[in-house]
Amino acid sequence: HGVVYTEKFGPAAFIARARTVPLRNTGAALAPMNAFLLLQGLETLALRMERHTENALKVAQFLQGHAGVEWVSYAGLPDHPHHELAQKYLQGKPSAILSFGLKGGYQAGVRFYDTLQIFKRLVNIGDAKSLACHPASTTHRQMNEAEQAKAGVKPEMIRLSVGIEAIEDLIEDLQQALTSTQL
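Quick note on my numbering: the sequence shown kicks off at 24 and runs consecutively.
Structure, rendered in structure tokens:
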């Protein structure tokens, strides 16, 4: 109470306290099951990332060729402004995150988002499952159009975090959701 550790006991005591208090509160070691799960996750990380990026590129290429899609932003595509940087710094594997714009604006985005079946409607990233977000109607809906534009959110924009599911299933889900926007 009112003790300044560095003044009373010196920096070594402060460091000792800074290390022991969190260890006391959180535990010094992982539980065996948590350690096992962490190890399993690390051992398969490279394989999962390979699948994430392969799927993301195929999804981006599918979307780029679809008549209902206005634009696609994915650094794995050769026409992306940061494609060369992704190739250089990310060994040609520019993540599993991409965004695209639907023809038909906001309403098309809402219909697309509501129709997805395999892609989960979540704003998380880095999951093994595929996730989607329509920021204009979800995470940024409290903003007006000008604020959304300033934040980089377009009414037609969908953001995807592409997972490791079978690519055929992902493409089929996107196709049926895109069909719903052309009502």
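Even for Gly, the Cβ is constructed at its ideal location relative to N, Cα and C.
Because the structure is a prediction, the values reported are computed rather than measured.
Report the rounded CA-to-CA distance for residue i versus residue j, giving the unit in angstroms.
i	j	result
Leu-113	Ile-190	22 Å
Pro-158	Val-95	16 Å
Glu-188	Arg-47	40 Å
Val-82	Met-56	35 Å
Val-44	Glu-73	40 Å
Ala-58	Gly-50	13 Å
Val-146	Val-26	44 Å
Looking at C-alpha atoms only, which residue of the options is the closest neighbour of residue i?
i	options	result
Ala-151	Gln-198, Gly-132, Thr-204, Ala-69	Ala-69
Arg-164	Ile-141, Lys-143, Met-180	Met-180
Val-176	Thr-161, Ser-184, Gly-186, Val-185	Thr-161
Ile-141	Thr-204, Gln-84, Glu-195	Glu-195
Gln-130	Ile-38, Ala-200, Lys-31	Ala-200
Tyr-136	Phe-85, Leu-197, His-89, Pro-55	Leu-197
Gly-128	Ala-155, Val-27, Thr-204	Thr-204
Gly-99	Gly-88, Glu-77, Ala-90, His-89	Glu-77
Arg-134	Arg-71, Ala-155, Gly-33	Ala-155
Cβ of residue i within 9 Å of Cβ of residue j?
i	j	result
Val-92	Leu-139	no
Leu-183	Ala-79	yes
Ser-122	His-75	no
Pro-178	Gly-132	yes
Ala-36	Thr-29	yes
On the three-state DSSP scale, how would you describe residue i?
i	result
Lys-116	coil
Arg-144	strand
Glu-93	strand
Met-180	strand
Gln-124	Checking the sequence shown, residue 124 turns out to be Gly, not Gln. DSSP places Gly-124 in strand when its eight states are reduced to three.
Ala-54	coil
Leu-139	coil
Lys-154	For the sequence presented, residue 154 should be read as Leu rather than Lys. In this structure, Leu-154 counts as strand in the three-state DSSP scheme.
Ala-200	helix
Glu-170	helix
Phe-32	coil
Three or more C-beta pairs closer than 8 Å, one from the region 162 to 172 and one from the region 63 to 71: is that the case here? no
Can you confirm whether the region 157 to 168 touches the region 97 to 108 when touching is taken to mean that 3 or more C-beta pairs between the two stretches lie within less than 8 Å? no
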